[in-house]
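Take a look at the structure below.
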Amino acid sequence: MNSKTIIIPILVLLYNSILVTSCPIGCSCNGTSVTCTSLTNLELDLLVTTLKEAPYNETTELYLDSVENLSMSLIPDMLVLRVLKINSSPSTGDNDWFLRRHQFPELQTLHFINCGLKIFPKALMSLTSLLELDLSGNLLENLGADSIHIRSIQRVIIRNNKIKSIGVHVFRYMPTLKLLDLSGNQMTRLVTSDFTSAVSLRELILRGNKIELIETDTTDPLQQLETMDLSQNLLREVRLEAQQNFRHLFSLNLSSNPLHVIREGFLQLPDLQILQLHNCDVVVVEAGAFVSLPRLHSMDIKNNPNLAYFSPLAFGNNTAFYRLNIQNSGFKRIPLTILEKVSQLYIKDTKLDCSCTSRDMQDYGAVTIVDWNDATCRTKMGAVQKLSHLEKSEEPCRNNLLTPFGVKQSAIVGQAYRIYCASDGTNSKLFWISPNKNTTEAAPPELKKSSEKKTDYFTTTLLDPSFSKNHEERIHISSEYYGFDVVLESDAGYYECVSKSDMKTITRKIEMQVLKPEVYLNASHVATTSVHLSWNRNLKIEAVDRVALRITASSEKMFKRQVQLSLYNMFRSYNLVNLSADKEYDMCLEWYLTDSETVIYKSCITQKTKPFKTVMQSVNAKVAIGVIVVLIIVVVFCCDTCIHQKVAYLSRIKKQAKMQQSVSGQSILTQSSSADATTYENFQLSVTSASERPLI
């Protein structure tokens, strides 16, 4: 045998073994990890072939980036693959992938990013060992109960898609889910009842959506939630209560939301320790804002340059507070009560007043200003000076009267509103002068108990018709604000805020305009004894315990009817029944104060009910044509029946007459020849004689 014939096959086998054992073209290999980027069709075919053979059939991590024409069905069965990450491969967004049930039996991490996926592949159910799923950067629109059925899943990341809402029972098939990240989607509200089945959820990230409302229910979901990120949304007000949800919430991020005012008791979370409020355009922090956060440890409220007033009573009796970051905020003077509570303070780029800061420097002794070397203040002449170079001065601290929202403000009828005006000095008294020239000395604001919960008047009287309550005053005056539980048109005018001290008196005159809401009542359907009313919007009422909604209907003949409605009438409609026909009524939609019957706002129309119609008036053209057709059919049928009966009767009479004539021997036939005439009697005789003739 020739030696060449032996060497050539050996070289071929050696070459193939080198191809198999070497890392595929366009890929990099590190142990049992393979990373491939921008593969051509030929390189992709080579990769698929390589993954079928040893040692690459033992690959545990596979990364594919920007691979065109990739189909999941091409990837061979990889029994030990644990991590599969695919990025920027749009042709993989098909629906026929994961068809083989045991293709990746040990897969624990699947990333499918920027691949143009429009629906959740049902084949995900076959990944029974999956712990982490990342479908970011796709085109998913619906997250429903049939989207993800993986009982072992712990982390679901679906950033930057087009999801608008979370479906009912979506977490029923993910009982071990601990993290859900839906950042960068198009959600407009957060409904806590949607998370009823998420019994293991610890971290919820909804950053960068369009959430305007948080709806908390009477159910108890999210009891195990520890971290929630609601930053970069459209929240103007936040009300979170541990009594219903979020009982164990540890960290909350509300940054980059338009929270202009941090209201009293806006959070009632006993376990919350970390709160982030930076870039929220905060202007006012009210007294008692954080009083229901007894374990608050760290708060970040930096990058709020318009923060003009931070109430000294904002923290209440909180003793656990440790770290506060107010960098790049509008503070001119840090309240001493805050300095007494905080241990670490960040104040870089704040607008501190040097005269006040120099006098308060002795109070900074127990506070560690972390960025002391970068901290600055402004002098009376507007110059910027470092605090580290500031010397204690005997210059008096300027007593400023703060009006955070300016001297011209507007409120809408029915809403709760506060005119903020406060002195940043400690030795001054504040007085309020109302438009009717009543002067009131302001006292520190009274903090409400966090356990107080308002029940709307409609529900209260529905359960207890005899209920009556003496409400507190509608107007509340304090050293920080002039507040209205419910704004009336008569509240418009000029309000004077006066600060008096031993040195001087400062006055601010604030004009408040009251705007009427555009609520239009109309009759969408009118009948003889009923009118269906509808309106375009409801008033925004916060004092639900002292405001009620009703519809009134009256006529000239001393008729008047009132119907009590709920403030939460989401359909904005009501069907007024049992009215008189052909009568004109004055119908009004009214919001009013329950203690004084004072009408807050009303919208009225005049509507006449329809008259009763006669039979002919009530019949329309189609019905009339139908009736006429039926009558014609009935008439034709009756006539036909009568004619048929008449003809049958005459035929029967004629036949009877013929029978009688035959019996009497008369000819019943008229013939041309008498020889052809046969009587009935002769016919019978001939038949009888023929029957008696013997047979031959």
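Counting with mature numbering (1 follows the signal peptide of the UniProt record, and there is no 0), you get residues -22 to -1, 1 to 674 for the letters of the sequence shown. Every residue gets a Cβ at the ideal spot worked out from N, C-alpha and C, and that includes glycine.
The region 532 to 540 makes no contact with the region 578 to 586: fewer than 3 CB pairs, one atom from each, lie closer than 8 Å. Between the region 293 to 308 and the region 316 to 330, the count of C-beta pairs closer than 8 Å reaches three or more; the two stretches touch. Counting along the chain, no alpha helix (DSSP H) covers Thr418; the unbroken beta strand (DSSP E) around it starts and ends at 417 to 419.
Annotation: the region 582 to 637 contains the following complete segments of the alpha helix (DSSP H) (minimum length 4 residues), in chain order: 593 to 596. Asn547 is classed as exposed because its beta carbon has fewer than 16 other beta carbons within 10 Å across all chains shown. Under DSSP, the beta-bridge partners assigned to Cys475 are Trp410, Arg486. Contact between Asp564 and Ser532 holds, with the beta-carbon distance rounding to 5 Å and staying under 8 Å.
Here Leu323 carries a strand assignment [DSSP, helix/strand/coil]. For Phe173, the three-state secondary structure derived from DSSP is helix.
Taking a 10 Å sphere around the C-beta of Pro423, we find 16 or more other C-beta atoms and assign the residue as buried.
In this chain, the beta strand (DSSP E) harbouring Asn231 covers 229 to 231. Of all alpha-carbon atoms in Thr439, Val348, Asp249, the one lying nearest the alpha-carbon of Ser544 is that of Thr439. Val58 and Cys93 have their alpha carbons spaced roughly 24 Å apart. Cα atoms of Leu213 and Asp352: separation of roughly 33 Å, rounded to the nearest angstrom. By alpha-carbon distance to Ser175, the top candidate from Thr315, Arg129, Thr483 is Arg129. Annotated three-state conformation of Ala265 is coil, per DSSP. The beta carbon of Thr170 sits closer than 7 Å to those of Glu193, Thr194, Asp195, Pro199, Leu200, Asn223, all from its chain and outside the five residues before and after it, given in chain order. Per the C-alpha coordinates, the member of Ala292, Met165, Leu285 positioned closest to Phe268 is Ala292. Less than 7 Å divides the Cβ of Tyr41 from the Cβ of Lys63. Per the Cβ contact rule, the region 82 to 93 is in contact with the region 105 to 125 (3 or more Cβ pairs under 8 Å). Membership of Lys329 in any alpha helix (DSSP H) is not indicated, and neither H nor E is assigned to it by DSSP. Counting other Cβ atoms within 10 Å of its Cβ, Thr354 reaches 16 or more and is therefore classed as buried.
When secondary structure is reduced to three states using DSSP, Asp349 falls in the coil class, being assigned neither helix nor strand. In this structure Arg524 does not touch Gln542 by the C-beta definition: roughly 15 Å separates them, more than the 8 Å allowed. Distance from Ser307 to Pro290 at the Cβ level is roughly 16 Å; contact not present, criterion being Cβ atoms closer than 8 Å.
DSSP, read as helix, strand or coil, puts Ile136 in coil. Under DSSP, Ser388 forms a beta bridge with Gln491. Rounded to whole angstroms, Asn257 and Asn211 show a C-alpha spacing of 12 Å. Lys30 carries a helical assignment under DSSP once its states are collapsed to helix, strand and coil.
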